[in-house]
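J.: Let me begin by handing over the structure; questions about it come next.
In our numbering, the protein residues as written are 232 to 679.
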């Protein structure tokens, strides 16, 4: 039994309780109890104690949408529109991407995410020329101690280069292999979701096939949708439907579906998302970076749609910094609407904690500090310039904090960073190997 005490706890439970002098008891990988310090000290007299020293204790942040492999492409696609970004950066690098590259990308991303208080991420890996990529990603998650949702993505349509496309049969076989091998692995730290990438690069047959396998194995479905205006326009011209109407007609909506971006939505699209309980992953930094558009997040929230957030890939951001994501998610909509009250810090913090857990079907395990949930926690040092004064902790976390406020991180009941020092990884070795891998990949791709 471990006891984290002397903490100011932001629980994010249903009542949004805060304990100013709180404690959390942890048994194995799960939280045993949350409450006032004195009561839990009496209840757990033999527990190993971790003195928080008055720091904030928050649920580990959940990165609801990213592309781990892209961390090796950072800086190569800057200042380009989405279509040019794909042609000039993503496709050339991905034609040469190996499983070993993905291992180094995952370890580098894990260092950055843990240092920034992120304990869970939702990946999308759709570059499958080397089919070992998912295996290397899974191994790196296991080795690093982070919690990962492996998004087994796929593409089969132009303008993606032919070598990066998969047949439906191969995509189905590989999806089933990855689910069998990794869903629930690493003592539950690994899970799998399936994704036909988007309405342009995945055929109707591929979208339907991936949805079918996800339903059969009950692993959930992800998809990029309505990210760029031109894709929605093409969908209307070819099919007489919006992108959301199209995937809804294929059954790709519902409580087990998480849709990334959703920048270009009609009134009917928003009705569909609300009526079906479909979740949305907002990517405010990436959408600004690529000038994709502004997702109607305040309206989606008003309609009861569950919205979460992520940074997207690190070559359209260019980092895994969830504090940047939170601040951008708030400020983007204020200036876009010219309404400073349209979205609050509390709503944004919910997007990266309990909302994100709901979006991946893990609200019983993640997203808040409650008895029975996994002990995925972050201690936030309020004795940092950006955190003083700390009248309203959630406001500080959204508008003021930077990753260096994260002092200690626990995942699955295990401390993976203590006093800013990583426990499970040799950070300098990870950084060196990732840098070498990125340079070698860029040289192979003719982009060095």
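Idealized CB from N, CA, C, for every residue including glycine.
Here's a check: name, in chain order, each residue in its chain whose Cβ is nearer than 6 angstroms to the Cβ of residue 665, leaving out the five neighbours to either side.
T.: On the chain shown, position 434 is the one that residue 665 refers to. Hits under 6 angstroms: 335, 339.
J.: Helix or strand or just coil, what does DSSP make of residue 484?
T.: Mapped onto the chain shown, residue 484 falls at position 253. Looking at residue 484 - three-state DSSP - the assignment turns out to be coil, as it is neither helix nor strand.
J.: I need the straight-line Cα distance from residue 330 to residue 356, nearest angstrom please.
T.: Reading the chain shown from its first residue, position 99 is the one you call residue 330. Reading the chain shown from its first residue, position 125 is the one you call residue 356. So the alpha carbons of these two residues sit roughly 11 angstroms apart.
J.: By the three-class DSSP mapping on this structure, what secondary structure does residue 383 have?
T.: Within the chain shown, the letter at position 152 stands for residue 383. It is a strand residue.
J.: What does DSSP give as the partner residue(s) for residue 605 in the beta ladder?
T.: Taking the chain shown and counting its residues from 1, one reaches residue 605 at position 374. DSSP output for residue 605 lists 261 as bridge partner(s).
J.: Measure from the alpha carbon of residue 424 to the alpha carbon of each residue in 354, 259, 486, 400, then state which is nearest.
T.: Your numbering for residue 424 matches position 193 in the chain shown. Of the listed residues, the one whose Cα sits closest to residue 424 is 354.
J.: Going along the chain, which residues of its own chain have a beta-carbon closer than 8 angstroms to the beta-carbon of residue 297, five neighbours each way excluded?
T.: As a position in the chain shown, residue 297 is number 66, starting the count at 1. Same-chain partners within the cutoff: 340, 352, 353, 354, 355, 541, 542, 543, 544, 545, 551.
J.: From residue 586 to residue 514, what distance separates their C-alpha atoms?
T.: To locate residue 586, count along the chain shown from 1; it is residue 355. To locate residue 514, count along the chain shown from 1; it is residue 283. So the alpha carbons of these two residues sit roughly 14 angstroms apart.
J.: Which residues share a DSSP beta bridge with residue 354?
T.: Numbered from 1 along the chain shown, position 123 holds the residue referred to as residue 354. Residue 354 is bridged to 297.
J.: Quick test of your reading: residue 238 and residue 278, contact by CB under 8 angstroms. State the CB separation rounded to the nearest angstrom.
T.: Along the chain shown, one-based indexing puts residue 238 at 7. Along the chain shown, one-based indexing puts residue 278 at 47. 14 angstroms between Cβ atoms; not a contact.
J.: Have a look at 572, 674, 452, 549 and flag the residue whose alpha-carbon is nearest the alpha-carbon of residue 591.
T.: Translated into the one-based positions of the chain shown, residue 591 becomes position 360. Nearest option by C-alpha distance: 452.
J.: For residue 678, I'd like the list of residues in its chain whose CB is within less than 8 angstroms of its CB, leaving aside the five on either flank, ordered along the chain.
T.: Position 447 of the chain shown, counted from the start, is the residue given in the question as residue 678. Taken in chain order, the residues that qualify are 307, 320, 323, 324.
J.: Excluding the 5 residues flanking residue 547 on each side, which residues of the same chain have their C-beta closer than 6 angstroms to its C-beta?
T.: In the chain shown, residue 547 corresponds to position 316, counting from 1. Once the five neighbours on either side are set aside, the close Cβ partners of residue 547 are 517, 520, 521.
J.: Would you decide whether residue 469 is buried or exposed? Buried here means 16 or more other CB atoms lie within 10 Å of its CB.
T.: Here residue 469 is taken as the residue at index 238 of the chain shown, counted from 1. So residue 469 counts as exposed.
J.: Is residue 253 helix, strand or coil when you go by DSSP?
T.: Along the chain shown, one-based indexing puts residue 253 at 22. Of the three classes helix, strand and coil, the one that applies to residue 253 here is strand, per DSSP.
J.: Tell me, which residues are paired with residue 489 by DSSP?
T.: Locating residue 489 in the chain shown gives position 258, counting from the first residue. According to DSSP, residue 489 bridges with 453, 510.
J.: Can you tell me whether residue 246 is buried or exposed, with buried defined as 16 or more other CB within 10 angstroms of its CB?
T.: Along the chain shown, read from residue 1 onward, the residue named residue 246 stands at position 15. Looking at its Cβ environment, which holds fewer than 16 other Cβ atoms inside 10 Å, residue 246 is exposed.
J.: Here's a check: name, in chain order, each residue in its chain whose Cβ is nearer than 7 angstroms to the Cβ of residue 485, leaving out the five neighbours to either side.
T.: Stepping through the chain shown from its first residue, residue 485 is reached at position 254. Same-chain partners within the cutoff: 507, 508, 509.
J.: Let me confirm a value: residue 670 is counted as buried when at least 16 other C-beta atoms fall within 10 Å, else exposed. Which label applies?
T.: The sequence position of residue 670 within the chain shown is 439, counting from 1. Exposed, by the Cβ-count rule.
J.: Between the Cα of residue 379 and those of 501, 358, 344, spot the shortest distance and give me the residue it belongs to.
T.: As a first step, residue 379 must be located in the chain shown, where it is residue number 148. If we check each option's Cα against that of residue 379, 344 comes out closest.
J.: Quick one, which of 370, 401, 437 has its alpha-carbon nearest residue 418's?
T.: Taking the first residue of the chain shown as position 1, residue 418 is located at position 187. Comparing Cα positions, the closest option is 370.
J.: What residues are listed by DSSP as bridge partners for residue 373?
T.: Position 142 of the chain shown, counted from the first residue, corresponds to residue 373. DSSP, once it has assigned bridges, lists no residue as partnering residue 373.
J.: Kindly say whether residue 251, judged by its beta-carbon, lies nearer than 8 angstroms to any beta-carbon of chain B.
T.: Protein chains in the displayed structure number just one, and chain B is not present.
J.: To which residues does DSSP link residue 349 through a beta bridge?
T.: Looking up residue 349 in the chain shown gives position 118. According to DSSP, which records beta bridges pairwise, residue 349 is partnered with 292.
J.: Please report how far the alpha carbon of residue 286 lies from the alpha carbon of residue 268, in whole angstroms.
T.: Residue numbering aside, residue 286 sits at position 55 when the chain shown is read from its first letter. Residue numbering aside, residue 268 sits at position 37 when the chain shown is read from its first letter. About 13 angstroms.
J.: Is the Cβ-Cβ distance between residue 448 and residue 386 less than 8 angstroms?
T.: Reading the chain shown from its first residue, position 217 is the one you call residue 448. Reading the chain shown from its first residue, position 155 is the one you call residue 386. Contact: no.
J.: What number of angstroms, rounded off, separates the C-alpha of residue 255 from the C-alpha of residue 262?
T.: Against the chain shown, residue 255 aligns to sequence position 24. Against the chain shown, residue 262 aligns to sequence position 31. Approximately 7 angstroms, taken between the alpha carbons.
J.: Whole angstroms is fine: what's the gap from residue 426's alpha carbon to residue 280's?
T.: Position 195 of the chain shown, counting from 1, holds the residue named residue 426. Position 49 of the chain shown, counting from 1, holds the residue named residue 280. Distance between the alpha carbons of residue 426 and residue 280 is about 42 angstroms.
J.: Does the segment 558 to 572 come within contact of the segment 604 to 623, defined as at least 3 CB pairs closer than 8 angstroms?
T.: Counting Cβ pairs under 8 angstroms, fewer than three are found: no touch.
J.: Would you call the CB atoms of residue 242 and residue 600 closer than 8 angstroms?
T.: Within the chain shown, the letter at position 11 stands for residue 242. Within the chain shown, the letter at position 369 stands for residue 600. Cβ distance < 8 angstroms, so residue 242 and residue 600 count as in contact.
J.: Just to confirm, is the Cβ distance from residue 629 to residue 640 under 8 angstroms?
T.: On the chain shown, position 398 is the one that residue 629 refers to. On the chain shown, position 409 is the one that residue 640 refers to. It is not a contact, given that the beta carbons lie outside the stated cut-off.
J.: Is DSSP giving residue 306 helix, strand or coil here?
T.: Residue mapping note: residue 306 aligns to position 75 of the chain shown, counting from 1. Note: residue 306 maps to coil in three-state DSSP.
J.: If you draw a straight line from the C-alpha of residue 579 to the C-alpha of residue 435, how long is it?
T.: Taking the chain shown and counting its residues from 1, the one referred to as residue 579 is at position 348. Taking the chain shown and counting its residues from 1, the one referred to as residue 435 is at position 204. Rounded to the nearest angstrom, the two C-alpha atoms are 34 angstroms apart.
J.: Out of 375, 366, 318, which one is the CA nearest neighbour of residue 414?
T.: Taking the first residue of the chain shown as position 1, residue 414 is located at position 183. The residue with the shortest Cα to Cα distance from residue 414 is 366.
J.: What residue range is occupied by the uninterrupted alpha helix (DSSP H) comprising residue 286?
T.: Stepping through the chain shown from its first residue, residue 286 is reached at position 55. Counting along the chain, residue 286 falls outside any alpha helix (DSSP H), and DSSP gives it neither H nor E.
J.: Pick out whichever of 420, 455, 443 has its Cα sitting closest to the Cα of residue 433.
T.: For the purposes of this step, residue 433 is identified with residue 202 of the chain shown, where counting begins at 1. Measuring from the Cα of residue 433, the nearest candidate turns out to be 455.
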